[in-house]
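Working notes for the structure below.
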Amino acid sequence: METILETDKLTKRFGQFEAVSNLNLRVRKGSICAFLGQNGAGKSTTLRMLLGMMRPSEGAAYILGLRIDDEADSVHIRQRVAFVAEDKHLYDYMTVQQILRFTKSFFPRWKDGLENELLQRFELPLDRKIRKLSKGMRTKLALLLAFARGSEFFILDEPTEGLDPVATEMVLQAVVSLAVDGATIFFSSHQIAEVEQIADHVLMIHNGKLVLDSPLDRIKDEYRQVQAVINRPVQEHDFKLDGVERVYVDGSTVSLIVSHNVDAVMDRAHELNAISVEVAPLTLKEIFLETVKARL
Amino acid sequence: MFRKPNPASGIPIYVQIEEQIQHAIETGALMPGAQLPSIRSLAETLVINPHTVARVYRDLENGGVIEIRHGLGAFVTEARRPRVRTGQMRSAQKLVRTAIKQLKALGLEEDEIRRLVDAEMFEHETTSGR
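Here the protein sequences line up with chains A and B, keeping their order. The first sequence runs 988 to 1283 under the working numbering. The second sequence runs 201 to 330 under the working numbering.
Listed below in C-alpha cells is the structure:
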C-alpha cells in the first residue's frame, strides 16, 4: 500500500519546550485518517511543519515521497496537496465567483462537476464579496476551493468547525466522495462523532507524542470496558496485564479500560472469583478521554 | 432503504450495515437477484468510509449472502429460499415475544431488557472469538 505521508522522528522544540516529540506516523493512500488531540497537544505544530510553514527541529517528513524541509520539494508538495486550515486565506475583496475563477486557473484537474454540486449544496452566493460572507460560508467556500482541485491528498485542519449539522454532513459526504475517487484525506478534528463516522484510521497526539495509532476497526474490535464484581479486596496490580490501560477500584466493583487482550482480563477476573463480569464496547470519545487521562 | 448507522452505538458500523442488508433480504425488501447499491453510492448515501462498505460486501460475499459480479456490481444470491427464512423469523418472533413477557413479569423495564440483551450478545460475540 502506497504511503502518502510519513514522518520520521519528527520533532519541534521551542526553547526547552518540546511541542512535538519523535513523531513517527504513516498515512496510506486512500485512507481517511483522523488526527486527534487536545488543544496544545501538538496538532497545529505538526500540521504547520508538514505544510512547510515551520521548520522541524529534528527528524523528517515526506509527503508523496517529497521532503517537507526541502525548498524545491516543498513547492511541489503545495501544488499537489490541498490544505484547508482555520486561517483561511481568502481574498476578501473578491466575490465568490471571482475567487472560483481565480483558483481554478491554477489547477488543470479542476472538477467542474464537483464545483457546481458543492456550490448548490453549500448555497454559496456567487456575487457576494467574500468579506460579506458569514464564518460558516467562508469555511464552506474554502473547502470547496480545495475539494474541486482534484488533488490526491487533502490536509484539513478542523474542517467542520463552526458548521451547522446540515453543512457538516455535506462536508463529510464530500470527503467520502473524494476518498471513493482515490484521494487521501488527513484531517484534524475535535468532533469525535464525525471521526467515528468516516475515518478508517486514527492518530492521537498528546503532549507532543503519538499515543494512539490504529485502524478504527481494530480500536472498535479490541477496546473494551470490563466491569467485574469481586467480593474480596482487589488492588490495581492484580490486573497488571498486557492491554489493561486503566483500573478503577470502587468498593467491590473493578472497572477496567482494555485496549486489547480482553480474554486474558476476563480470565483474571474469574481467577479472582468474580461474581459477575460484564464486557461493553467503548465509544471513541471514551477512548480519547481515557487515553489522555492515563498519561497525565 | 438503508438507514444511516450510529457511529457511537458500540456496534461497529460494518456490523450495523451488514445487519441492515441481511434484514432487507430476510424481509424481502431485497429479493434474490436484486442489485445492491455500488460501494460509492452506499458510502455517499450513508456518509461512511468506502472501506467499510467494501468490507461489508466482502463479508456478505464470504457468507454467500451476496455475490459480486466483476464489473457489474453486487447482487443478492439467487440460492436463498425466502419462505424458509420467513418461517424461521416467525418462530423467532414468538420466542422473543415470550421472553419479553417473562422478563417484564420479573419486573424489568424496557431499557433494562434491551441492555441485558445487548450485553449478552456482546459477551457472546466476544467469547465466541468473532
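For each residue, glycine too, the CB sits at the ideal point set by N, CA and C.
Evaluate residue i with the Cβ neighbour count: other Cβ atoms within 10 Å of its Cβ, from every protein chain shown; 16 or more gives buried, anything less gives exposed.
i: Arg1096(A); result: exposed
i: Ser1246(A); result: buried
i: Ala319(B); result: exposed
i: Ile239(B); result: buried
i: Glu1073(A); result: exposed
i: Gln293(B); result: exposed
i: Ala243(B); result: buried
i: Gly264(B); result: exposed
i: Ala1129(A); result: buried
i: Thr1171(A); result: buried
i: Leu1087(A); result: buried
When the Cα atoms are used, what is the spatial distance from residue i to residue j?
i: Asp1187(A); j: Ile1217(A); result: 37 angstroms
i: Thr990(A); j: Leu1190(A); result: 15 angstroms
i: Met1036(A); j: Ala1069(A); result: 15 angstroms
i: Pro1146(A); j: Ile211(B); result: 26 angstroms
i: Asp1057(A); j: Leu1051(A); result: 13 angstroms
i: Thr1240(A); j: Val1221(A); result: 9 angstroms
i: Leu316(B); j: Gln1160(A); result: 35 angstroms
i: Glu1265(A); j: Val1182(A); result: 27 angstroms
i: Ala1028(A); j: Leu1197(A); result: 10 angstroms
i: Asp259(B); j: Asn249(B); result: 16 angstroms
i: Gln216(B); j: Ile1192(A); result: 29 angstroms
i: Thr1278(A); j: Lys1122(A); result: 33 angstroms
i: Leu1259(A); j: Glu1232(A); result: 19 angstroms
i: Val1263(A); j: Ala1180(A); result: For the record, residue 1263(A) in the displayed sequence is Ser; it is not Val. In a straight line, the C-alpha of Ser1263(A) is about 31 angstroms away from that of Ala1180(A).
i: Asp1168(A); j: His1177(A); result: 26 angstroms
i: Val1163(A); j: Ile1185(A); result: 7 angstroms
i: Met988(A); j: Ile300(B); result: 49 angstroms
i: Asn1103(A); j: Tyr1078(A); result: 21 angstroms
i: Pro207(B); j: Gly1195(A); result: 28 angstroms
i: Val1153(A); j: Gln1003(A); result: 44 angstroms
i: Leu1283(A); j: Asp311(B); result: Any reading at Leu1283(A) needs caution, since the residue's pLDDT is 46, under 50, leaving its predicted position unreliable; the model's value is listed next. Going from the Cα of Leu1283(A) to the Cα of Asp311(B) covers about 36 angstroms.
i: Ser1031(A); j: Leu306(B); result: 55 angstroms
i: Ala1256(A); j: Lys1280(A); result: 24 angstroms
For residue i, write down the residues that DSSP places opposite it in a beta bridge.
i: Gln1214(A); result: Ser1242(A) and Glu1265(A)
i: Gln235(B); result: Phe275(B)
i: Ala1047(A); result: Asp995(A)
i: Glu267(B); result: Phe275(B)
i: Arg240(B); result: DSSP lists no partner for Arg240(B).
Measuring only from the beta carbon, is residue i closer than 6 angstroms to any heavy atom that is part of the ligand GDP?
i: Gly264(B); result: The ligand GDP is not part of this structure, which contains no ligands at all.
Give me the subset of the segment 222-246 of chain B whose CB atoms are less than 8 angstroms from a CB atom of chain A, sorted by chain position. Ile239, Arg240, Ala243 and Glu244
Pairing CB atoms from the segment 226-244 of chain B with CB atoms from the segment 272-279 of chain B, are three or more of them under 8 angstroms? Touching, yes.
With 9 angstroms as the limit, tell me which residues of the segment 1164-1184 of chain A have their beta carbon closer than that to any beta carbon of chain B; keep them in chain order. Those would be Ser1164, Ala1166, Val1167, Asp1168, Ile1179, Ala1180, Glu1181, Val1182, Glu1183 and Gln1184, in chain order.
Do the segment 1059-1069 of chain A and the segment 1200-1212 of chain A meet, that is, are 3 or more Cβ pairs less than 8 angstroms apart? no
Using a Cβ-Cβ cut-off of less than 8 angstroms, give me the residues of the segment 314-325 of chain B that come near chain A, in sequence order. Ala319, Phe322 and Glu323
Are at least three pairs of beta-carbons, each pair with one atom in the segment 1128-1144 of chain A and one in the segment 217-227 of chain B, less than 8 angstroms apart? no
Near-chain B residues of the segment 1253-1266 of chain A (beta-carbon distance less than 7 angstroms), N- to C-terminal order: Glu1265 and Val1266
Proximal residues, the segment 248-263 of chain B versus chain A, C-beta separation under 8 angstroms: Ile248, Asn249, Pro250, His251, Thr252 and Arg255
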